[in-house]
Each structure stands twice: as structure tokens, then as C-alpha cells.
Amino acid sequence: MKRSEKTLGYAATTVKSEDIDAGKSGSVMGGLSGKVAGVQISSAGNTGTSQKVLIRGISSLNNNSPLYIVDGVPIDNSTFRGSPTDDSSTTDFGNAANDINSEDVESVTILKGASATALYGSRAANGVVMITTKKAGIEKLSVTYDGSFTASKVLRVMQTQDLFGQGWGSWNRSENGSWGPRLDGTIHEWGSDQLDTPMTKPFSYVEHNLRNFYQTGFEKNNNVSVRYGNDKVGVVASYGNLSSNGILPNNGDLFSRNTFSLRGYMNINKFSLDMTMNYVRKDISRSNDMYMELLQHAVDVDFSQMKDYNDERYNLDNYYTFYATNPYYMIDNYRSNYQDDRVYGRIEMSYEIMKGLKATARLGGDFSNNRTTSQEPKTTFSNGSYSQLGGATESLGYYSEYRYNRSQIDATALLNADYKIHDFSINAVAGWNLNQRSYGYTGGYVDGLAIAGWYSLYNTSSSAVSVTYNELRRLIGAFAQAELGYKDMVFLNLSGRNDWSSTLPAGNNSFFYGGANVSFLLTEMMPSLKEHQVDFLKVRAALGQTGNDANVYKTTSWYQIANFKDINGYYTSMPIGGVMGMTSNNTLPSTNLKPEMTTEYEVGLSGSFFNNRLTVDASYYNRMTKDQIISASLAPETAYSYETKNVGKIQNQGVELMVNLTPVRTKDWTWDIGFTFTKNMSEVKELWDGADEYSYTNWRGVYYVLKVGEPVGLFRIPAANKVMDENSPYYGYNIVNNNGFLSDSNTEYEYVGSSEAKFNMGFNTSLKWKGFTFSASADWRKGGYMLSNTSYISHFNGNSTQTVFNERNSFIYPHSVKVVNGEYVENNIPVRTDQMNYALGNYSYSPEVRRQFIIPKDYFRLREVSLSYTFPKSMLAKTPFQQVSLALVGRNLLLFTPKENNYVDPEVSNLGNDLLSEFGETTGTSSTRNIGVNVKVVF
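Reading the sequence shown from the start, the letters are residues 1437 to 2375 in my numbering.
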């Protein structure tokens, strides 16, 4: 369903391969960051980790991921995060779109609005990412090698305080926190007191301790492709290998991806055939939750001394603290592994029935099989050892193993008519589509290993817990589109689609939606504009609607094998003694569920000026999404915990601007400058049954809510208790507790801010001189907040720079009172910040500190820099080479954030692609700075 750009009545942005792959990230979506207005792209950190893509903000309380289409066929973009039953679910194995080799991509087109995406079905409600792979033209046989080698260093680690050292209220040799005395450089004994030779160290801050823990990572990306084509047949075949040993030491982060791609075409008279086939193999091995463990150590404890965890000073029996684990031991023993085999592709046949009338049949498939394992060691301490006497926690050990299967079959039949009658042009498409998706897994886990070091489902003194899950869904659609043009000046497009979804109730599973858009080519309507340096000028308007169905099993009850803990604390599952037991899901099914519907209108302008030296594309959009599908809480007496229902309305409106300027264009010099601007404003317009607020999730007293009249994703914390008696001389004063700290109110709340950005801007430039090309891109986010578990952990253990407020000297809260015999009197209780209760209770959970867990998401990032040289063809004339180029590349070179965020890279999130992903980071990984070289040779 290709359309000429000049006829489009909606916003669509196309990015070519050379711009996508300038930074040699190996990732298609990673190469688009900051280059498309209205699109927010963020990564979980390292090679192969997930990338979150949001188009025009959060509009759904469910999945907000766009639909990915490769060469006309939708593909899966699921995110893989370890097993469904254990903590390895926070281990990020990436999403399926990362399987696409960026070297195989010709271009990416982003469709943003409802009018643009209506024909692509209900999964396109959040936009469409259309990826077109490289296709041979009429060309001689050629072979291309493109290889890069990149070194990576950790980009952002939290800044720690450097004034106070190990202890918890006072110095303590076994504590992992930094609530001890002021660092003075004196020699202290520390750690185990069971050693023949006591351990000593200076009571001094260890400079760059977190940063130096990480190693230099390396990434290799090698690609070979073969091309040949004529007017009858053509083929492109390629192989790519992307492998990395990341920044965690001891092979703590290993990634490998092998891709094989084949695309060919054949033209015989009126018949044409186009086929693609791709095979991807991924192998990933990562340590679980490593960064959080690093934060659990005092600032004067040097990680570099602990590398040999078999050394008696740093082994399990004698590790210095009972509350943390040697990080090097964790890297080797707490791991998750992932293997994936995936095949996807399509075959497309077209036949020209008569001039202007063509029939097309397309069949696509996407099949993946993957295996995940996760392990935690069985740990025991020797009798009488330092760790045992100190009460360190032993572990029973854990192992899980799962096999996943995903499949998608997509069949489409199209009839296309394209005619021109006098001044009118008509292009019409009618079609039918069937999409079937299945997903399932089988596996199990043992919560307690019988033999230490053997990771197997057989290694248990009780039965392994088995888990099986399967789902199947179908979506059938019939659609039509008609475009009417007049004198190549005005184009009107009408489209409609009806879907039948298997996930909606039988009597309510059919829904219709569509769109209309119009474009006016002012330069064709008023040719005199071209005499005034206006090369092209178009205004456009669009109105569209898209529907979105529910997840599976929201309309019926389902059952699973029961599992529970036995009397020894081990998990086990039915059957037991030959008796089978099942448990039902805890969500009340809905027989009245409706599809989620989004209605959107947009207006825009596109133009090029001064011999195409200046291009502008601007849009305003306004979308309303209603009948959100959520799981709402139910009273316990219903025997269910939740019910699925349609609720509320969410509005998103905003502006998008893209400007490209070529201030210099001569024989030898070309300078291009690009700029993007995005401002999205969301508002919760309505919830349900008169409700004003809905709590989406919460964490340690920080609530993430939807509140009517406010942006989507508002952070709420309990307010401090205040004197509410207007007749009191202390009206409005804070009320402190017996320790002098502010206390939580049970009735009043404070709204800190939302997760939504005020705006996003992207900058890119390219300067060419003869064979040299320098290019760079940067992006700036202003506004929005996120929750940071890194901030929480570092506040709790005394490592945060904010825990040395007033250099931990006592202070009295200003404008505060205490309660004496039921009366308010002026507060005179000093806060003892050097005491243990400052960390354990009041400091970590008082209102003013909860606010510190909510940090700004603002940043300015130098995303990519590249300097390349392409040898002139005259120099290669007597060689077998058609083209040779060399490049230096850099990614994520600089990151600036507000002073309130000296903790994490604000792009890092490990919470998926729905609204929860905007909540923040709970076990954030560390992003990397990458510098490398690239060689490209064409034979």
C-alpha cells in the first residue's frame, strides 16, 4: 500500500539507511534516536538490550508499542526478560526488533497518526514502524564487507558522598552502609575477625570505586552481502555477526547475534514474485541485578581487592559484611542465559490483470523458539565461621529452565486499481487480512538445590515446580482505501477497516474504524510560488480512528496447575500423591468488553525552499483514546482480586517540527543541519464511576497515579503532617515525631510531578569535504520525573551525596512543632543525622526523602559522532575495489543531567513498553560510552 509522499495527508517520516547506521550501533531503532519528531526512543543500556519506542506519547494503559512491519508483513516485537516465575525477569534479553540487522535495512518510515495507520489493523493503534530491506536493482554482481570494532566504557554511575565511611550509627567492621564516622585516613581493622592475620585498610574514600569496577567492553560487528540484479531477477544475500563482551568483568555480559538474510525477486511478463527469508540466532549470558549489589557497599571498601572470591579474606565464610555479597562471586554464580532461534520472512506474488488493475497475495511468517535458564547458588557457611556467627543469610539455591515458542502467520490478499481519467487520478485498494499469533512456554524451577553447583531440574530433594502456558489469538480484517486526485494539486484519501477479534466477547468482537485525509499542493495550485524560491509547499489535514482489542483470556476463566510451599519451605506443584489440583485465575472475566478506540485529527504543512536548501515539516495533532481496558480491584468477598473493564478517556495533543537546512553546497563542500522538536501534552479526561484518581502502581510509598485533569503518570507521596487548625498560631507548620522527623499524613498527599516531558529536541549535522564526512547527532529532553531505586538504595545505606546534608550535624526542622500533652509547642528536637535510625526508618521513608527518590528525567546527550573518509574512485581504478571507506565512530559520548540526578542515565528503564516503563528504574543497568572504527569495502 505504497503512496507517493506528495499525496499524503498525514505525517510520515522516512529515514534512509546511511542516517540510521551512521553510529554503527547494530540496532535499527537505536539509529533513529533524536532523528524523528514525535518519536521517543530509549534503551535499557547495553548491546542487545530492549529499546522502548513511543509515538506521540502514552495513550493507552496497556501496551503502547507501535506495530513493526518488515517488507509489508508484521513481525513480533516481544520483550524477553528471563523466566516468568523468578527474579531473573529483570534480566533484559532485548526485544525482537533488535533481531533486524541494520546493515540489511534500506529505510525506515514512521507512521504516526490514526489516519495513517487505520489500514494496518488494531495493532497499529500506537503507530507503525515500516522497515524496508535492501533490494537489488539493475546492477552487476558485487560483494560488500562492512565491519566495525568498538570499545565501550561505563557512561553513568552514581556519584557517592566522600565524607563518611563504614558503619551504622558508629563504626562497625561488618556493616555495609556508610553511616559511620567521618573519614580520616587512619588505619582500621575491618571484615572478618576469624582470620589469622587481621584485615586492615585506610579509613578513606575510594576514588572512582564504582566506575573502576567495570571493565572495557568490546563489540565486533561484521557483515558480508552479495548483490546482483537485472530487469528479470535479482537477489541480495547477507550474513552478519554482532558480538560483544560487555562492561561487566569476568564475562558478566556476553552477547552474540548471527543473522542470515535473503531477498530475491523475479519478473515474468505480468507476473512478479518478491521473497525474503531471515534466520537469526542469539546467545546471551548475563549476571542478574549486578548494579544494585554494587550499591550495597560502603564508600571506603575497595572492590578491586575482592576479585579472588576464593581468597579466605573475601570468600563466603569471611566476607566483610553479612548484608551483601562479593560482587565478583555474584557475577559468576547469579546468572541468566538465553538462546533464541528465529525465522521470519514473506513471499509476495503479484499479477497485472489488466492495465491499472493488479492482484497481490502475500504470506508472511515469524517463528521463534528460545530457551532461558536462571541460576542462584546454594550457599552455606562453615560452622563457627565469621559469616555464620554474624547471622549472614544462607541460600537454598535456585534454578529455572523454560522453553518458549512464538509464532505469527499473516496472510493478505489485495486488489489494486490505478487509473487516470482526464484531470482525475484514482487509486483504490481492497483487501483481506488474517493474522494468527500463538505463544506458549513449558518449564519449571526448583527452589532449593540438593547439591551445590549442579544446576538442573533434577537437583532437588522435592519435586520441581512445572509451569505450562499456551495462548492463541486471531484477528481477521477486511479493508478498503480510495485516493482521488485532481490535477496533481489536491488529493483526498478515504480508508476503512473492519476487524473481528478472537480476544473480545463473541457478541462484541466486530468493530469498524477508518480515516480520511486531504492534501493541497500549493505549488501546483499557484505555480508563481516557485518564482519566489518555494520549491514545494503542501498543507494537509487528517481525521482517523483506530481500534485496539484486548489481551487473551480477558473474557473467560482459565486454570493452571497449583503450586505452593511445602512444610520445609520448598516450592512444589501438583499432582501430589496422584491427586491433581488446579487454581483459577484471579481476574473476573468480562462478557461486555469493548475495543479500545482512538480518534485523532491532525493538520500539517510540508515545504522545501531555496532550491531544496531548506525543508520544513510541521504537524499539530489531537487524539482521544477511550474505553481503556484495565484490571480494576474487587472486594475479597467476590472471590476475585480484579475485574477487566473499559474505563476512561486519555487525551494527547502536541506539535511536531522537523527542519533541515543546507547552508553550504559547493563542488567540494556540503553542510547539512537538522532539527526536530516534539511537545506532547497528555491529560486524563475521565476515569470511571465518578472516580477522580486511579493508582496504577506503587513502590515504597511512592504512587504512580492517573488523576483526572492531570497528565498521564503522576507521582504521589504522603504529605507531611501539618497543623490544620486555622486558629492555631502554628497553622501550616509541620508536625514532627519523637525523633524530630517529619511524619506522614494519613489523609493528605503531595503530587510531585508527572513522567511526561515538556519537550524533546533533536539536533544533527553533516559536513562533507571531498571524501571526508563529519556527522553528529544530539538530543535534549526537558521535563518529566522518574522513580529511582538507585536513589533509594543509596539513601538507605548512606552513600548518596544527599545523605551528608549539613555534614550530618544535628539540625531542627524550621517551621515545625511537636505535640506535648495534646498541645502544639514549637519544636526543639534536633535531628541526629549521624544516628542509625536516620537511615533505618525516618530518613528513608520520611516525606522529604521520598521526594528524593523521584528524580528529573531531563538530559542532554551527544548521541553519535562519526568521521569517515571514502577513497576517490580514481584511486581505486586499478584495484578490484569499487568503494573503500574508513570511519571513526562514537556513541553516547556525553551525558548531562540536572544536579538532582547524579544516579542513573534517565533513558534506562527495565519495565517494558507500557505506562509502567515511564515509572522509572528499579534495577537499572549502566549505559555505555562507545568509540570504534569501521571499514567498508565493495568489490
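All C-beta atoms in this analysis are idealised placements derived from N, C-alpha and C, irrespective of residue type, glycine included.
Alpha carbon of residue i to alpha carbon of residue j, nearest angstrom
{"i": "I1623", "j": "G1827", "result": "26 Å"}
{"i": "V2344", "j": "S2363", "result": "7 Å"}
{"i": "K2033", "j": "A2156", "result": "Residue identity check: residue 2033 is Met in the sequence provided, not Lys. If I take the Cα positions, the gap works out to 40 Å."}
{"i": "G2145", "j": "V2120", "result": "6 Å"}
{"i": "G2198", "j": "K1442", "result": "25 Å"}
{"i": "D1667", "j": "N1863", "result": "25 Å"}
{"i": "G2277", "j": "S2227", "result": "Caution applies to G2277, whose pLDDT of 46 falls short of 50 and renders its modelled position unreliable; the value that the coordinates give is listed next. If you take the alpha carbons of G2277 and S2227, they lie about 16 Å apart."}
{"i": "D1736", "j": "V1642", "result": "5 Å"}
{"i": "D1776", "j": "R1722", "result": "15 Å"}
{"i": "R2287", "j": "I2153", "result": "8 Å"}
{"i": "N1705", "j": "E1788", "result": "9 Å"}
{"i": "S1897", "j": "A1888", "result": "12 Å"}
{"i": "S2213", "j": "T1982", "result": "34 Å"}
{"i": "T1815", "j": "S1831", "result": "5 Å"}
{"i": "L1468", "j": "D1455", "result": "8 Å"}
{"i": "E1729", "j": "I1767", "result": "10 Å"}
{"i": "Q2318", "j": "F2375", "result": "5 Å"}
{"i": "W2124", "j": "T2061", "result": "14 Å"}
{"i": "N1714", "j": "R1807", "result": "20 Å"}
{"i": "V2371", "j": "Q1651", "result": "25 Å"}
{"i": "M1635", "j": "E1625", "result": "6 Å"}
{"i": "P1502", "j": "R1559", "result": "7 Å"}
{"i": "N2175", "j": "Y1764", "result": "39 Å"}
{"i": "E2122", "j": "L1555", "result": "28 Å"}
Same chain, Cβ closer than 7 Å to residue i, five either side skipped, listed in chain order
{"i": "F1758", "result": "S1610, S1823, G1826, G1827 and A1828"}
{"i": "S2118", "result": "G1493, I1494, I2086, Q2087, N2088, P2147, V2148 and E2192"}
{"i": "S2376", "result": "Nothing can be reported for residue 2376, as the shown portion of the chain is limited to 1437 through 2375."}
{"i": "N1612", "result": "Q1732, H1733, A1734, T1757, Y1759, A1760 and N2233"}
Cβ-based burial, residue i [other Cβ within 10 Å; buried from 16]
{"i": "V1716", "result": "buried"}
{"i": "N2245", "result": "exposed"}
{"i": "N2328", "result": "buried"}
{"i": "G1627", "result": "buried"}
{"i": "R1839", "result": "exposed"}
{"i": "E1967", "result": "exposed"}
{"i": "Q1996", "result": "exposed"}
{"i": "N1754", "result": "buried"}
{"i": "Y2169", "result": "buried"}
{"i": "P2316", "result": "exposed"}
Own chain residues within Cβ distance below 8 Å of residue i, not counting five before or after
{"i": "L2029", "result": "L1940, P1941, N1944, A1986, K1990, T1991, I2065, T2080, K2081 and N2082"}
{"i": "E1960", "result": "K1923, D1924 and M1925"}
{"i": "T2237", "result": "Q1595, T1596, Q1597 and N2338"}
{"i": "K1452", "result": "E1542 and S1543"}
{"i": "T2023", "result": "K1990, S2067, Y2076, S2077, Y2078, E2079 and T2080"}
{"i": "E2357", "result": "M2222, L2223, S2224, N2225, T2226, V2340, V2344, S2345, N2346 and L2347"}
CB of residue i within 8 Å of CB of residue j, strictly
{"i": "G2149", "j": "Y2140", "result": "yes"}
{"i": "A1587", "j": "G2368", "result": "yes"}
{"i": "V2377", "j": "I2171", "result": "Examination of residue 2377 is not possible in this model, given that the chain is present from 1437 through 2375 alone."}
{"i": "D2108", "j": "T2201", "result": "yes"}
{"i": "L1837", "j": "L1893", "result": "Residue identity check: residue 1837 is Glu in the sequence provided, not Leu. Cβ distance < 8 Å, so E1837 and L1893 count as in contact."}
{"i": "K1791", "j": "N1657", "result": "no"}
{"i": "A1448", "j": "E2038", "result": "no"}
{"i": "I1683", "j": "K1743", "result": "no"}
{"i": "G1884", "j": "G1820", "result": "no"}
{"i": "L1591", "j": "V2240", "result": "no"}
{"i": "K2293", "j": "P2250", "result": "no"}
Contacting residues, own chain, Cβ-Cβ under 6 Å from residue i (five flanking each side not counted)
{"i": "Y1581", "result": "V1660 and V2373"}
{"i": "P2025", "result": "T1991, T1992 and S1993"}
{"i": "V1988", "result": "E1907, R1909 and T1939"}
{"i": "L1577", "result": "Y1664"}
{"i": "G2219", "result": "A2193 and K2194"}
{"i": "G1530", "result": "G1484, T1485 and S1486"}
{"i": "S1946", "result": "W1936"}
{"i": "M2055", "result": "With the sequence shown as reference, residue 2055 is identified as Ser, and Met is not the correct amino acid for it. The answer, listed in chain order, is A1447, E2038, G2040 and E2092."}
{"i": "Q1844", "result": "D1512, D1802 and R1873"}
Practice item. With a floor of 4 residues, list each alpha helix (DSSP H) that falls wholly inside the stretch 2236-2310, ordered by position along the chain. Key: 2283-2286
Check your understanding: What runs of the beta strand (DSSP E), each 3 residues or longer, lie entirely inside the stretch 1685-1713?
Key -> 1689-1704
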